[in-house]
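Visitor: One structure follows; several queries about it will come next.
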Amino acid sequence: MSTPVKAPLYKETALGGRLTPFKGVWPKVDSSSYVFHGAQVVGDVEIGADSSVWHNCVLRGDVNYIKIGKRSNIQDGTVIHVSTHTYPTIIGDDVLVAHMAMLHGCTLHNNAFVGIGAIVMDDTHIMEDGMLAAGAMLTTGKTVGSGELWTGQPAKFRRKLTEKEIAKNRSMAEHYRKIAEQHRIDSVGGVAEAPYP
Ligand SMILES: CC(C)(COP(=O)(O)OP(=O)(O)OC[C@H]1O[C@@H](n2cnc3c(N)ncnc32)[C@H](O)[C@@H]1OP(=O)(O)O)[C@@H](O)C(=O)NCCC(=O)NCCS
């Protein structure tokens, strides 16, 4: 017989994101990270320093774990899940995951870029500075190489990114960190010394 629970267990982050345990394991969220209201973070999920999880994301670390490094951003409405016992979802540092992406059992290396609405399936990798275009579907087992652009459903290699594009993609991760900080200041009615953007 399971123990009766009076009310569902959860904690709120400073920005109103909801953290829920699974099998007694709580998400580990760095105090400098930004988990905004509407975000649901469940179970074995680690979120590193200065990373942001935007409104209405779902990160469900129940049947495997999710790990996010530093200064990465997971934009609004993105869903992250994992594969039972086989593939966790691992996200490195300075990674950009745009709005409404679906990540499942994949590894995004440092400075990877996932476009708006893209789907990233099990056992896939996006290597450093690799880019998956908006609306693409990276199918099981595929790897986007370092500095490559893949597009379409199923996603295929399209071309190498230029140095300028790589620099732009990298700057977007920093841009998101700064917007997150502006939102944090606004959430407590503060006024930034240098409002951004
Ligand atoms: C891929 C992307 C960078 C455009 O690349 P591009 O090379 O400038 O694209 P172009 O407009 O020159 O098109 C080149 C070809 O790629 C195709 N293409 C461009 N974007 C595509 C996409 N997202 N999916 C599929 N095909 C795409 C074009 O149809 C064109 O095909 P053709 O050569 O057969 O005519 C852009 O579409 C994209 O996905 N950007 C990411 C936006 C995003 O998610 N931002 C996050 C903001 S927080």
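Taken in order, the sequence shown gives residues -7 to 189; the numbers are from the working numbering. C-beta: ideal position from N, C-alpha, C; glycine also. Note that the coordinates shown come from a computational prediction; the quantities given were computed from them, not determined experimentally.
1) How many Å lie between V50 and T154 at the Cα?
2) So, V45 versus I58, is the Cβ gap smaller than 8 angstroms?
3) Can you tell me the Cβ-Cβ gap for V71 and G97, rounded? I've got them flagged as a contact below 8 angstroms.
4) Are the CB atoms of F105 and L88 nearer to each other than 8 angstroms?
5) When burial is assigned at 16 or more other CB atoms within 10 Å of the CB, is D178 buried or exposed?
6) Just to confirm, is the Cβ distance from G139 to K152 under 8 angstroms?
7) State the DSSP-derived secondary structure class of M185, mapped to helix, strand or coil.
8) Taking G137 as the reference, which of P146, K156 and T116 has the closest Cα?
9) What three-state label does DSSP hand N103 in the structure shown?
10) Is the distance from the Cβ of D36 to the Cβ of S64 below 8 angstroms?
11) What did DSSP end up calling H29 once you bin it into helix, strand or coil?
12) Could you work out which residue in K15, D114 and D121 is closest to K156 when comparing CA atoms only?
13) So, at 7 angstroms on beta carbons, what are the nonlocal neighbours of W18 in its own chain, with the 5 sequence-adjacent residues on each side left out?
14) Relative to the C-alpha of T76, which residue among K62, R52, G69 and G61 is closest?
15) With DSSP run on the structure shown, which of helix, strand or coil describes R63?
16) Distance check for N56 and S24, CA to CA, integer angstroms please.
17) Tell me the residue span of the alpha helix (DSSP H) that contains H175.
Guide: Checking against the coordinates, here is how it stands:
1) 33 angstroms
2) no
3) Not confirmed; about 12 angstroms, so no contact.
4) yes
5) exposed
6) yes
7) Per the sequence shown, the amino acid found at residue 185 is Glu instead of Met. E185 falls in the coil class under three-state DSSP.
8) T116
9) coil
10) no
11) coil
12) D121
13) L11
14) R52
15) coil
16) 24 angstroms
17) E155 to S179
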